[in-house]
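Residue numbers (this note's numbering): 92 to 220.
Don't be surprised by glycine CBs; every beta carbon is placed ideally from N, CA and C.
These notes are about the structure you will find just below.
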């Protein structure tokens, strides 16, 4: 994110609406180079404004009840390349350049575990379901 983009960026009304109600919005960090989803956290208005201003992913910690910049203790920062929001304004998608691991466990992504399921074959369902 260049300085000109950051200073001219305003938070869309669809997102501000959630902050005014006291809600947090989901913040998804996606690797800018390969599209892998790295982590999901929460943002309040201050965290989003800090992200926009600094270009570094900044979140709201529900457990600590405070703002935290990703990497401030681990050194595993997220440089933001783009910010998008969903149709409801309650989720932010950030393309980031990840330094080190994104997960507090040391894994590259927080999504390293899976839930087994059986895929439903196309012959069992119809397109109208």
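Task: For residue 107, three-class secondary structure by DSSP - done: Helix at residue 107.
Task: First and last residue of the uninterrupted alpha helix (DSSP H) at residue 141 - done: 136-145
Task: For residue 132, three-class secondary structure by DSSP - done: strand
- [ ] Could you give the DSSP three-state label for residue 154: helix, strand or coil?
- [x] coil
Task: Status (buried if at least 16 other CB within 10 Å, exposed otherwise) for residue 183 - done: Looking at its Cβ environment, which holds 16 or more other Cβ atoms inside 10 Å, residue 183 is buried.
Open item on the list: Once DSSP output is grouped into helix, strand and coil, what is the label at residue 116?
Closed with: strand
Task: DSSP three-state assignment for residue 172, whether helix, strand or coil - done: strand
Task: Cβ-based burial, residue 163 [other Cβ within 10 Å; buried from 16] - done: exposed
Open item on the list: Is the separation between the beta-carbon of residue 185 and that of residue 127 shorter than 8 Å?
Closed with: no
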